[in-house]
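Counting in the working numbering, the sequence shown tops out at residue 679, every number present.
Idealized CB from N, CA, C, for every residue including glycine.
Take a look at the structure below.
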Amino acid sequence: MKRLGLSATTLVLFLVVSVLWSCSDIGGNGEKQKFGEVEAAIEIVPDDVQCVQIRVQNQHLNSRVQQDVTPGEPATIVIKQIPVGPTTFVGYAYNHACANVGETSIPTWTTAPVTAEILPGIRQPIGLVFSHSGEADINIDFDTDPGGDADTDTDSDGDMDVDGDSDTDTDSDSDTDADTDADTDTDSGLDTDDGDGILPGEGIFISTIHGDDSGTGSAALPVKSINRALEIAEQMFATQIFEKVTVYLHEGEYFSGDGELALNDAFSGVTFSGGWKTDGKGEWWFDTSPDARDNTRLVSESCVGVSVTDAAIGFDTVTIVSKNEGDTVNDVEGESCYGVWVSGGSDVEFVNATVLAGAAGHGGLATQILDPADAPDCGAQQTTSLSCATGSGGQNGVNGVPSQGGTYTAAGYLPGNGEHGVPGTPGQNGQTGGAGQQITCALSCGVRQYMGGTWLCFTESTIQVAGTPGRCGCGGRGGEAGAGGLGGGASVALFVSSDSAVVGLKHTRLVAGDGGNGSDGVMGFIGGTGNQGKAGVSAPCDSCDGNATNGQNNCQIPTTAVAGGASGGPGGHGGVGGNGGSGAGGPSVGIVMANPDNVYLDNPEFVLGNGGIGGLDAVDGQVAETVIF
């Protein structure tokens, strides 16, 4: 590097450029979009510098990064997501905080534009030489410049052209770019015209503050909603001109409606790039603070934050959030929550992102009972057996087994529900009572005249008469069984349900909430009490014992009762119904995956909740960074 004609104190800011991450084939043509990351170091900040701003421009990007610095202290500025290729850097330094830097602010230090080739896998130093504004005539050249010479400024106000093209800036104000050629896109988004508003470009810009869904999605006219941005992306893909599109998100919260943000193959090629700021006038710059990703949030009101199906999607410097807590409904297992669900042949990249799954729902209160078989029929037990034994009691139902945990499937986590109890069996009927007494009795009587005119009775025919046998007691009804308790749902930050899906994570935080608690099973009920047996019914026995009057036959009269049988045995008690087993607690897991060979982890951070508490004797939910199913 050669410095010529320096006439002022200089401040050298060294940029070390390295391609740190290579995104997946989001264009579908086998080529991978590559990005560089710049680390700029200042050894000692001058006394009259409180804010340093670096403007970056190449064919895909025109942005600025600014950061407050402390005079007399060292400083480091990181610039992320710079597409590889010829890139122009320009530096400005201000004597007040960055929050007070506006369009008309005059820097105390400036640099000439420097163009360098950002190449994959190569770390290279770049020097930006600052000088006090208006005190130096600077001409900078790089002997190793791959072809992108700096523009020449010939205007009268001492500013410079920073757009990186080959035109000449001839304005007379303090703007930093006064291009007037109609074919140059300076906002790195969609160009606009008087027609359909969409011309070839490299990005869609979205802002909850400055956006309007009637806009074109350019940097100057951003849209407001994530759904509108995706509509524009789909239109761009439909032209078959675009294979990949970056959606630049101004810091804020973006909702996809009532449900999850569902991304299918119609949106394959979209990368969501968050952490950006804009002044609402077409200029965008990246937030270099550590919490930048926390300030751009894709929020879902369902228990799935984002679903990706058969699509290549990128997420950079964003936070993805599912519903805060899953549902809990009686007699239903707890709802599971997932930050991101990836399925099919998807190819998904996360860079400096946060994926957050809400707490899972608890297993619902178990209320159901299971009825046993009906009690036996006593009517069939009228025999002449002389036994009066008690009927056997019914067997108790078996308790349901408490759950030992749920299972992971391609359809998601299946909570561990407790087994239902088994109803008690009915008690048996008591044995039949004894037979009734049986004797010979008169069936019909006759009369005859006796001496002296007296009418006497005599037996014409006889019949065997018996008392009824004793009835048995009916067995008691079996006890109802209790239904099993319900398992708690799972909280999973990233669920990769397909073994063919490819997922890469770099410097990504995976946050899982608490697993849902399991509920206890319903207790079984006691069986019914058996009935007592009943004695047999006695029967009258007639005889022809008496006098006839005036020849009338009133000879047949009951003279005794034939006894019924003894009482039958009482019915047995119905068995007690079994208790339902309790449901297991749900897990809290960072990543659940079908194929670990297709999930690439580079310095991930796991923040896990607590496993759900299992019901009585059931297991608690597991806590794990990764689970393979």
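Between G389 and the set P590, V542, N645, the nearest pair of CA atoms involves V542. Counting only runs that start and end inside the segment 252-313, the alpha helix (DSSP H) elements of at least 4 residues fall at 276-288.
DSSP places C428 in the helix class (H, G or I) of the three-state scheme. In the three-state reduction of the DSSP assignment, A342 falls in the helix class, which pools H, G and I. The beta carbons of G659 and G456 sit no closer together than 8 Å.
Taking a contact as a CB-CB distance under 8 Å, the pair T158 and A147 does not count as one, their CB atoms being some 13 Å apart. Between the segment 602-615 and the segment 549-564 there are fewer than three inter-stretch CB-CB distances shorter than 8 Å, so the stretches are not counted as touching. One Cα belongs to D360, the other to A460, and the distance between them is close to 15 Å. The DSSP assignment places 334-336, 346-349, 354-359, 362-366, 369-371 as complete runs of the beta strand (DSSP E) inside the segment 321-382, in order along the chain (cut-off: 3 residues). For I254, the closest alpha carbon among the candidates G309, W334, V179, S181 is that of W334. Within the segment 476-527, complete beta strand (DSSP E) segments of at least 3 residues are found at 488-500, 504-516, given in chain order.
Judged by beta-carbon spacing, F679 lies beyond the 8 Å limit of A634, meaning their Cβ atoms are not closer than that value.
Going by C-alpha positions, D315 is about 33 Å away from T378. The three-state reading of DSSP puts D315 in helix, counting H, G and I together.
Contact annotation: the segment 361-368 does not touch the segment 515-528, with fewer than three C-beta pairs closer than 8 Å.
Taking 8 Å as the cut-off, the Cβ atoms of T137 and T161 do not count as close. For A439 against Q481, the beta-carbon gap comes to about 4 Å, under 8 Å, which counts as contact. If only uninterrupted beta strand (DSSP E) runs of at least 3 residues are considered, those enclosed by the segment 617-646 are 638-643. Three or more beta-carbon pairs separated by less than 8 Å are not found between the segment 640-657 and the segment 571-582, which leaves the two stretches without contact. Contact between the segment 534-552 and the segment 610-628 is absent: fewer than three C-beta pairs spanning the two stretches fall below 8 Å. According to the DSSP assignment, P473 belongs to no beta strand (DSSP E), since it is labelled neither H nor E. A contact between stretches requires three or more CB pairs, one per stretch, nearer than 8 Å, and the segment 403-414 meets this requirement with the segment 349-359. Across the structure, L313 and S339 are spaced so that their CA atoms are roughly 29 Å apart.
Taking a cut-off of 8 Å on C-beta distances, the segment 303-310 does not touch the segment 261-272, as fewer than three cross pairs fall below it. Shown here, N108 sits in a strand according to DSSP, grouped into three states.
Ranked by Cα distance from G664, the options S442, I276, L415, V515 are led by L415. Per DSSP, T417 has no beta bridge partner at all.
Counting only runs of 3+ residues, the beta strand (DSSP E) found wholly inside the segment 554-614 occupies 559-562, 589-594, 606-612, in chain order.
In this structure, the alpha-carbon of Q582 lies about 12 Å from that of Q478.
For the 8 Å CB-CB criterion, A269 and V297 do not form a contact.
By DSSP's assignment, C387 forms a beta bridge with S541. Taken atom to atom, the span from the alpha-carbon of T126 to that of H182 is near 21 Å. Each of S588, V657, L544 was checked against the Cα of F400, and the nearest Cα belongs to L544. E655 has R559 as its beta-bridge partners, per DSSP.
Close CB contacts of V295 within its chain, under the 8 Å cut and outside five residues either way in sequence, are with E252, G253, I254, A283, M286, F287, G319, V320, T321 (chain order).
A533 is positioned such that its CB atom lies no closer than 8 Å to that of H623.
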